[in-house]
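Asks: What follows is a structure written as structure tokens; I'll ask about it next.
There are 2 protein chains.
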Amino acid sequence: MVFQGPCYNKTWSLSINGKVYGQSGMIARNASISSGPDQQASSPDHRPLSSAAPLSFTVEACCTQTRARAGSIQTPHGVIRTPVFMPVGTQASVKSLTPRELREIGAQIILSNTYHLYLRPGPEVIARFGGLHGFSRWTGPILTDSGGFQVFSLGHLRRLNDDGVTFKSHLDGSEHILTPEKVITVEEQFGADIILPLDECVPYPYTYEGARLAMERTHRWARRALAAKTRSDQALFGIVQGWVDPDLRRESARFIGNMPFAGFAIGGLSVGEPKAMMWEMLDITVPELPEDKPRHLLGVGSPEDLFEGVARGIDMFDCVLPTRVARNGGLFTLDGRVNIASARFREEHGPVDPSCDCPTCAEFSAGYLHHLARSGELLYYRLASLHNLRFMFRLIDRIRQSIFDGTFSELRSSFLTRYVPASEAVRAEQRQRWLAARKRGSHHHPG
Amino acid sequence: MVFQGPCYNKTWSLSINGKVYGQSGMIARNASISSGPDQQASSPDHRPLSSAAPLSFTVEACCTQTRARAGSIQTPHGVIRTPVFMPVGTQASVKSLTPRELREIGAQIILSNTYHLYLRPGPEVIARFGGLHGFSRWTGPILTDSGGFQVFSLGHLRRLNDDGVTFKSHLDGSEHILTPEKVITVEEQFGADIILPLDECVPYPYTYEGARLAMERTHRWARRALAAKTRSDQALFGIVQGWVDPDLRRESARFIGNMPFAGFAIGGLSVGEPKAMMWEMLDITVPELPEDKPRHLLGVGSPEDLFEGVARGIDMFDCVLPTRVARNGGLFTLDGRVNIASARFREEHGPVDPSCDCPTCAEFSAGYLHHLARSGELLYYRLASLHNLRFMFRLIDRIRQSIFDGTFSELRSSFLTRYVPASEAVRAEQRQRWLAARKRGSHHHPG
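Protein sequences, first through last, are from chains H and U.
Residue numbers for the first sequence follow my numbering, beginning at 1 and rising by one.
Residue numbers for the second sequence follow my numbering, beginning at 448 and rising by one.
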């Protein structure tokens, strides 16, 4: 794919006097102030909308052959250099790691799950601790999702209508209602830098008609989320849906992209569809979104996915995969994923990956990791998670640098030539193991 | 108890020309060389015995009211200040913690289990990694037990006779034989600084006659272990047995205490008997042991146990309790053990223990720990283990200082007045939970 995309090496600041507005139809180039409160985005009923947030995004370099771009996002808790990969702290903790360790290996922003934290310990508790930052002691930027994805995949769904969604907690069976407004209230209590609105995510396979209705509901909910937002120090991103249908994707991207969100998340992908289909949907979606806002591909991905997503204009990624795979024995190397429990590591005196600069490879042999993994030792989960996350952070940093250097395409080919992705069979097996662990009620594997 | 014990503020060095001998009947005061190779300890058949190790022990201060004493042990991997509490790294890893963290919170020496490491990954593998030090990257002193206790409690015992013990692995059912000689060979492959000989440990309750036979076998095995030892850079400790019978304890302490071991471990206690009985056995055992060798009370204990053991002349303690209790929600404070999962911590914004200087209390609230514990988050196990181990290290350091200051008895009373030990009911319940977890095959809880 060759893409000659526009590149704005500019900052669009979206904050004025504490009250903040984004304007997707108008790009204030070379300016650090933007449209005022009276300039609202066009939206179906022209109601004034509450809006985006004090988030400024600068595109600093673009690839001339793909949609890849490098930039930075300024948030109340610091700058995020993009493209960025964010680890997931489902329960306000990236499994087994401390905030200090995450900083040391290069984490810039953490994603936490509204669904889990809403159920336990609850938004009021977290608010009284000073939000997620005070609670978890992670001092950098945080993004919270809307809980929608988990309600549909983990909760026992009771009722879904335009008002919202009623579900039973997977923890204790208690019944809860989430509406677009309620989700915003909860996320304001959590206090993340970037928040997402409630959306309806459909699985794959599904029906066209069902997917269209879900998309339309997601659009109506997006408007309500914007209207419900009250905090001026949080950035609300819109979520594009549209299943795997090109027309729906295009329609959703245009609709959501036209609303005054501070950035855009692409949802409903990586839910079981073939990867080629996911990339096709990105090729359709991204060109419909504003150039001046960050784009987040939800729930993706693996090392090779970073290249494919970045090439299609994605700025932000999040996924449990690196840490979940690590806990199940899969460690990333430049040659692909290896299974540390396999006999070939039993007597390996060197590190898992001699080219790796993570704390694990700096100190421990692959043979010792092998032993810890086979023994089910708690230390294994830490050391493996540190390794895989450091691999992801270092890889995305190399990708970012290559965009500045004009060598992204070369890096992409050389990486993908060497790196052997996990086969579909391995991926399916690991997914089964994970589902089985979740079913057993293990606390350690889901994630 | 008031005890006017002798105190030797002297170093007894037990190493001469790489070949090293201890001599319990002769105390070389104020000397850093001791008896030569021709001076062997009297032993039943007067055979020349291979012997102790390059370990020197200095008693630096004694309590005038109890048998408490403070000193230091020089080992090939550094000095151990006594009394000392050592954490247990069953599988060459103190559960969830790195060697670096252990050093930072004050660990001086780690105990590892020969039984577990013999079965997996095996002594040959560990030897090729440079022993346990090279394998685990813990650079300080290490002690390995003999595996006997685990064979009797974990393995499926097949046959026990004077030659040794045949058992089936709890991992895969494979059959193995451990003899006194084999255990020494294995421990020499592991390369710990301090090693223990195979002994026969009987449970409580038991029969007098059975306990006497086990003790006598332990004594015969002790001689064979001394004879089998070949490495001059490891210190072999003897193990005193004798069940809970005063006469057997006295006999065993005299017999083992008269042999040229570099130190003495007291085994067969804390196996189910009432605590008062354990302390009574120590009161009988310790006076029979040489003053110039360190004394290790195996598998003990809790914070309050440190005071009782030190008062009776114990220099070294090891126990999984602080880390195992931590993983099950029990955190130490100066007021006693608290259950972090209890509702009262839900909104506690301060640390678990405001007087604690551990990394956990320095950074995280009790409310966040409560949330992690309730969520079964892996990070909880780390933070809790760090806290409880730091509590133990700090407590034993305070005990040591009080011996120098002549205030040990005051510290003991003031600590025991305030600290409420876990009730027998709580201890029994936690033991049940641990056994249940082990039965389920959970890797995370057994310790």
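C-beta: ideal position from N, C-alpha, C; glycine also.
Taking a contact to mean a Cβ-Cβ separation below 8 Å, would you say residue 243 of chain H touches residue 202 of chain H in this structure?
Replies: What you label residue 243 of chain H is simply residue 243 of the first sequence in a count that begins at 1. What you label residue 202 of chain H is simply residue 202 of the first sequence in a count that begins at 1. Cβ atoms of residue 243 of chain H and residue 202 of chain H: closer than 8 Å.
Asks: For the stretch 817-831 of chain U, which residues have a CB atom closer than 9 Å to at least one CB atom of chain H, in sequence order?
Replies: Answer in chain order: 817, 818, 819, 821, 822, 823, 824, 825, 826, 827, 828, 829, 830.
Asks: Compile a chain-ordered list of the residues in the stretch 116-132 of chain H whose CB is closer than 7 Å to at least one CB of chain U.
Replies: Residues 120, 121, 125, 128, 129.
Asks: Enumerate in chain order the residues of its own chain whose CB-to-CB distance from residue 118 of chain H is below 7 Å, with the five nearest sequence positions on each side excluded.
Replies: Indexing the first sequence from 1 puts residue 118 of chain H at position 118. Counting only Cβ-Cβ distances below 7 Å, and skipping sequence neighbours, we find 147, 186.
Asks: Residues in the stretch 97-108 of chain H with C-beta within 9 Å of chain U's C-beta atoms, listed in sequence order?
Replies: Going along the stretch 97-108 of chain H in chain order, one finds 97, 98, 99, 100 with a Cβ nearer than 9 Å to chain U.
Asks: From this set, H/234, H/288, H/308, H/218, which residue's C-alpha is nearest residue 246 of chain H's C-alpha?
Replies: The residue you call residue 246 of chain H lines up with position 246 of the first sequence. Residue H/288 is the option with its Cα nearest to residue 246 of chain H.
Asks: May I ask you to verify whether the stretch 553-570 of chain U touches the stretch 636-650 of chain U, counting CB pairs closer than 8 Å and requiring at least 3?
Replies: In short, these stretches touch, since the Cβ pair count reaches three.
Asks: Under 8 Å between the Cβ atoms of residue 273 of chain H and residue 204 of chain H?
Replies: By 1-based counting over the first sequence, the position of residue 273 of chain H is 273. By 1-based counting over the first sequence, the position of residue 204 of chain H is 204. Against a cut-off of 8 Å, the Cβ pair of residue 204 of chain H and residue 273 of chain H comes out as a contact.
Asks: Three-state secondary structure (DSSP) at residue 108 of chain H?
Replies: Along the first sequence, one-based indexing puts residue 108 of chain H at 108. Note: residue 108 of chain H maps to coil in three-state DSSP.
Asks: Count the C-beta pairs between the stretch 286-300 of chain H and the stretch 316-327 of chain H that are closer than 8 Å, then say yes if the count reaches three, no if not.
Replies: Yes, they touch.
Asks: Taking all protein chains shown into account, do 16 or more other C-beta atoms lie within 10 angstroms of the C-beta of residue 349 of chain H, making it buried, or fewer, making it exposed?
Replies: On the first sequence, position 349 is the one that residue 349 of chain H refers to. Per the 10 Å Cβ criterion, exposed.
Asks: Tell me, please, whether the CB atom of residue 582 of chain U is closer than 8 Å to any CB atom in chain H?
Replies: By one-based count along the second sequence, residue 582 of chain U stands at place 135. With 8 Å as the cut-off, residue 582 of chain U counts as an interface residue toward chain H.
Asks: Consider the Cβ of residue 637 of chain U: report whether some Cβ of chain H lies at a distance smaller than 8 Å.
Replies: Locating residue 637 of chain U in the second sequence gives position 190, where the first residue counts as 1. It does not: the Cβ of residue 637 of chain U has no partner Cβ on chain H nearer than 8 Å.
Asks: Which residues in chain U have a C-beta closer than 9 Å to the C-beta of residue 92 of chain H? List them in chain order.
Replies: As a working note, residue 92 of chain H is residue 92 in the first sequence. Ordered by position in chain U, the residues that pass the 9 Å Cβ test against residue 92 of chain H are 815, 818, 819, 822, 824.
Asks: Does residue 365 of chain H have its Cβ less than 8 Å from a Cβ in chain U?
Replies: Working through the first sequence from its first residue, we reach residue 365 of chain H at position 365. Output row for residue 365 of chain H: interface = yes.
Asks: Look at the alpha carbon of residue 871 of chain U and the alpha carbon of residue 538 of chain U, and state the distance between them as a whole number of angstroms.
Replies: Start at 1 with the first residue of the second sequence, and residue 871 of chain U comes out as number 424. Start at 1 with the first residue of the second sequence, and residue 538 of chain U comes out as number 91. Their Cα atoms are separated by approximately 29 Å.
Asks: By a C-beta neighbour count over all protein chains shown, 10 Å radius and 16 as the cutoff for buried, is residue 342 of chain H buried or exposed?
Replies: In the first sequence, residue 342 of chain H corresponds to position 342, counting from 1. Exposed: under 16 other Cβ atoms inside 10 Å.
Asks: At which residues does the alpha helix (DSSP H) containing residue 77 of chain H begin and terminate?
Replies: Walking along the first sequence from the start, residue 77 of chain H turns up at place 77. That residue, residue 77 of chain H, is in no alpha helix (DSSP H); it is neither H nor E in DSSP.
Asks: Distance check for residue 672 of chain U and residue 627 of chain U, CA to CA, integer angstroms please.
Replies: Locating residue 627 of chain U in the second sequence gives position 180, counting from the first residue. Locating residue 672 of chain U in the second sequence gives position 225, counting from the first residue. Roughly 5 Å separates the two Cα atoms.
Asks: How would you label residue 210 of chain H, buried or exposed, when you count the other beta carbons within 10 angstroms and need 16 or more for buried?
Replies: On the first sequence, residue 210 of chain H is found 210 positions in, with the first residue counted as 1. With fewer than 16 other Cβ atoms within 10 Å, it is exposed.
Asks: Please report the residue range of the beta strand (DSSP E) in which residue 765 of chain U lies.
Replies: Counted from its first residue, the second sequence places residue 765 of chain U at position 318. Element bounds for residue 765 of chain U: 763-765.
Asks: Mind checking if residue 623 of chain U is an interface residue toward chain H, Cβ cutoff 8 Å exclusive?
Replies: Here residue 623 of chain U refers to the residue found at position 176 when the second sequence is read from its first residue. Residue 623 of chain U does not count as touching chain H.
Asks: Determine the DSSP secondary structure at residue 235 of chain H, reduced to helix, strand or coil.
Replies: Translated into the one-based positions of the first sequence, residue 235 of chain H becomes position 235. Residue 235 of chain H: strand per DSSP, three-state reduction.
Asks: For a contact meaning CB atoms closer than 8 Å, what does residue 793 of chain U contact in chain H?
Replies: For the purposes of this step, residue 793 of chain U is identified with residue 346 of the second sequence, where counting begins at 1. Chain H residues near residue 793 of chain U: 121, 125.
Asks: Are the C-beta of residue 615 of chain U and some C-beta of chain H separated by less than 8 Å?
Replies: In the second sequence, residue 615 of chain U corresponds to position 168, counting from 1. Not one chain H Cβ lies under 8 Å of residue 615 of chain U.
Asks: So what's residue 219 of chain H in DSSP terms, helix, strand or just coil?
Replies: Here the question's residue 219 of chain H lines up with position 219 in the first sequence. Helix, per DSSP.
Asks: Got a sec? Which residues, its chain only, sit under 7 Å from residue 333 of chain H by beta carbon, not counting five neighbours each side?
Replies: To locate residue 333 of chain H, count along the first sequence from 1; it is residue 333. Counting only Cβ-Cβ distances below 7 Å, and skipping sequence neighbours, we find 352, 353.
Asks: Name, please, each residue of chain U whose Cβ falls closer than 7 Å to the Cβ of residue 349 of chain H.
Replies: Residue numbering aside, residue 349 of chain H sits at position 349 when the first sequence is read from its first letter. Within chain U, the residues near residue 349 of chain H are 576.
Asks: Hey, is residue 275 of chain H's beta-carbon within less than 8 Å of any beta-carbon in chain U?
Replies: Here the question's residue 275 of chain H lines up with position 275 in the first sequence. Output row for residue 275 of chain H: interface = no.
Asks: Answer yes or no: do residue 684 of chain U and residue 702 of chain U have a C-beta to C-beta separation smaller than 8 Å?
Replies: In the second sequence, the residue the question calls residue 684 of chain U occupies position 237. In the second sequence, the residue the question calls residue 702 of chain U occupies position 255. It is not a contact, given that the beta carbons lie outside the stated cut-off.
Asks: Let me know if residue 432 of chain H comes out buried or exposed under the rule of 16 or more other beta-carbons within 10 Å of its beta-carbon.
Replies: The sequence position of residue 432 of chain H within the first sequence is 432, counting from 1. So residue 432 of chain H ends up on the exposed side.
Asks: Evaluate the contact criterion for the stretch 585-593 of chain U versus the stretch 516-525 of chain U: three or more CB pairs, one atom per stretch, below 8 Å.
Replies: Touching, per the Cβ criterion.
Asks: Under three-state DSSP, which class holds residue 699 of chain U?
Replies: The residue labelled residue 699 of chain U in the question sits at position 252 within the second sequence. Note: residue 699 of chain U maps to helix in three-state DSSP.
Asks: Checking contacts by CB at 8 Å: is residue 95 of chain H closer than that to chain B?
Replies: Considering every chain present, this structure includes no chain B. Its protein chains are H and U.
Asks: On the criterion of 16 or more Cβ atoms from any shown chain inside 10 Å, does residue 404 of chain H qualify as buried, or is it exposed?
Replies: Residue mapping note: residue 404 of chain H aligns to position 404 of the first sequence, counting from 1. Result: exposed.
Asks: Among U/823, U/513, U/808, which has the Cα closest to the Cα of residue 860 of chain U?
Replies: If you number the second sequence from 1, residue 860 of chain U lands on position 413. Nearest of U/823, U/513, U/808 to residue 860 of chain U, Cα basis: U/513.
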